[in-house]
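Numbering (my numbering), first residue to last: -7 to 683. Built from N, CA and C at the ideal position, the CB exists for glycine as well. Keep in mind the model is a prediction, meaning the values are calculated, not measured.
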């Protein structure tokens, strides 16, 4: 078990218990109208008990007061526990902040100052072993940087000027080489500072859906307040002067009735649900700039995904050797392997591996002295090896089709008739053809394939079930893009995409009423990230991209976007499920309490009144009915805290199926559980003579 996230972790429980009492401050409670009404009810009931107001049983009213306080405290505890998990993450982030010194470069003169004194626009130097003093952009040099303090990933990353990997974060460490950095954030407003504030929840604002639900819950509370306030007058009017109902329905009883009927369950857990949604993102190493972004992730219905690194592995891999007529495929594989031995690119290594796996070929017997490797250049667009044996030289080359054909023609060789057909076939399949030649003889073609990630097609199918349309973005030509899109199972694709076409596509989708999410890491992605409803910037990307997006993926994993959507969906599902349960719960408590409470109303000659027939639970007395309901109302919040923090189990379902599932599981459950729970508590109360 991960004790850091366990609900039973004492490092989380003890501070949360303390915060539960601190949150009793009315200025804090008033932000949650439902629990504020409960707090006022607890204060009034306590006031009645202390000053012996009314004719009710003081022992009974004292128990009501205590359980009303517990109800407020349990709701505070749920919120404090959710915040505590975020504070634990923030504490870990704080350890990365140090009182480091910065090597300020001004007018080509280097001076040392405290990192806290740096201002936006300052230029600093960082060399091996230096802590990067603040957020910035690399403007000169290239270095290996340890970002484990922020990302948790131990492998160093490359940061260099002039590319999409130029952004650096304060608190990370240079482990090799030298870079010059331009500071892009004022002290106290760095990426790390914002992360800590967001993780702690200090700047968490209610999302639009959360505000709308709070308004609905407040409206229901007002209705029940009016109903309960007028209830005493109706009883006085309808019951006879000697009715026992007058003695039962005291002000503390009416307060208890009100608290049981208003939606305290979802009211007490609503804030915890929102905070825990952000916490689940943080545990995925994603920082959201607001709760609104997390919620929007659950509502999006169009996903724009870059092909390279997201849908495909990003590196073209050798998948097939296709020889021309008259050449054995095994000989083609051998020559392709020899030409790739010095090729350290992923494509070159994949050629060596494919020849070994398919034909068991190994080139260990090739001596370095006998060979001269030809590196790839942009001019020749070929690479290979010259092998000398007994005075004879074999010139083996592999490269782009047109370059190899020109090379063979220069050697007075012939171009096989079936070569162009093989090259065209591979291109139409979305692959890259590499032609292999030995001296003046063309042997065949290596099929390089941009490999679609395993399981990605199934993930897209799950998204489709949720009503989310996936669009692949690529700079490839339409023919190649169509082939990869078909293999990956995306719903649509954009070929030869540019920053302008990406932005236009997002605006067009939004104009049709869709919510759009996308990922990006470069400065040219910034406009599209800013325009999209959910823009996930890679932490390895530029500062412009990170500022334009409303989420930052610390792992810089483009496929994380799919998980972000699932977390957003889970947040909305959790809120919907617990709201359904809470409303059904209140309906059940209504039928459980009122018949028992008013059983003596309209009593004649010792015979119970007509409402007594509705007491299907056969609760022992009106007092036990009220107390049992108040106790259940408090305990159910505690029981649901783990579900609120962990979230309901996520399933890729359509909105209609989710609604049916909520009604069947949480709606029916919310109706049945209170009857069972209140009855069990009633039996225990009467058995131990608490009343």
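Secondary structure of residue 616 (DSSP, three-state): helix. Pairwise C-beta distances place the stretch 254 to 274 out of contact with the stretch 489 to 501, as fewer than three of them are shorter than 8 Å. The three-state secondary structure of residue 680, taken from DSSP, is coil. Judged by DSSP in its simplified three-state form, residue 261 adopts helix. With respect to residue 570, residue 261 sits close: the two C-beta atoms are nearer than 7 Å. The stretch 241 to 329 is shown to contain whole beta strand (DSSP E) runs of 3 or more residues at 278 to 280, 294 to 298, 304 to 315, in chain order. A direct Cα-Cα distance of roughly 30 Å separates residue 583 from residue 23. Contact annotation: residue 269 and residue 563 have beta-carbon atoms nearer than 7 Å. With a threshold of 16 other beta carbon atoms within 10 Å, residue 494 meets it and is buried. Within the same chain, 407, 429, 432, 434 come within 7 Å of residue 400 by CB-CB distance, once the 5 residues on both sides are set aside. Residue 41: member of the alpha helix (DSSP H) spanning 25 to 42, first to last residue.
In the structure shown, residue 68 adopts helical secondary structure according to DSSP, grouped into three states.
Cβ-Cβ distances below 7 Å link residue 423 to 439, 440, 441 in the same chain, with the five nearest sequence neighbours on each side left out; the list follows chain order. Across the structure, residue 512 and residue 426 are spaced so that their CA atoms are roughly 30 Å apart. For residue 223, the three-state secondary structure derived from DSSP is helix. Restricted to the stretch 469 to 493, the alpha helix (DSSP H) segments that are unbroken, complete and at least 4 residues in length are 470 to 480, listed in chain order.
DSSP places residue 174 in the strand class (E or B) of the three-state scheme.
Here residue 159 carries a strand assignment [DSSP, helix/strand/coil]. By the CB criterion at 7 Å, residue 324 and residue 313 fall inside the cutoff. Residue environment analysis places residue 15 among the buried positions, since at least 16 neighbouring C-beta atoms fall within 10 angstroms of its C-beta. The stretch 535 to 543 makes contact with the stretch 505 to 522: 3 or more CB pairs, one atom from each, lie closer than 8 Å. Between residue 37 and residue 56, the beta carbon gap of about 6 Å places them in contact (Cβ cut-off 8 Å). Residue state for residue 553 is assigned as helix, using DSSP reduced to three classes. The three-state reading of DSSP puts residue 104 in strand, counting E and B together. Residue 124 and residue 149 have their C-alpha atoms spaced approximately 14 Å apart. Rounded to the nearest angstrom, the gap between the Cα atoms of residue 98 and residue 337 is 40 Å. Membership of residue 342 in the alpha helix (DSSP H) is indicated by the continuous run 338 to 351. Taking 7 Å as the cut-off, the Cβ atoms of residue 168 and residue 136 count as close. The straight-line gap separating the alpha-carbon atoms of residue 140 and residue 243 is approximately 59 Å. Here residue 367 is exposed. Its C-beta has fewer than 16 other C-beta atoms within 10 Å.
Judged by pairs of C-beta atoms under 8 Å, the stretch 291 to 311 does not touch the stretch 406 to 421, as fewer than three such pairs exist.
Residue 626 is classed as buried because its beta carbon has at least 16 other beta carbons within 10 Å across all chains shown.
Beta bridge pairing from DSSP links residue 512 with 529. In this structure, the alpha-carbon of residue 618 lies about 14 Å from that of residue 676.
A distance below 8 Å between beta-carbons, with the five flanking residues on each side excluded, links residue 468 to the following residues of its chain, in chain order: 299, 422, 476, 487, 488. Taking C-beta separations shorter than 6 Å and ignoring five residues to either side along the sequence, the partners of residue 174 in its chain run 115, 128, 129, 131, following chain order.
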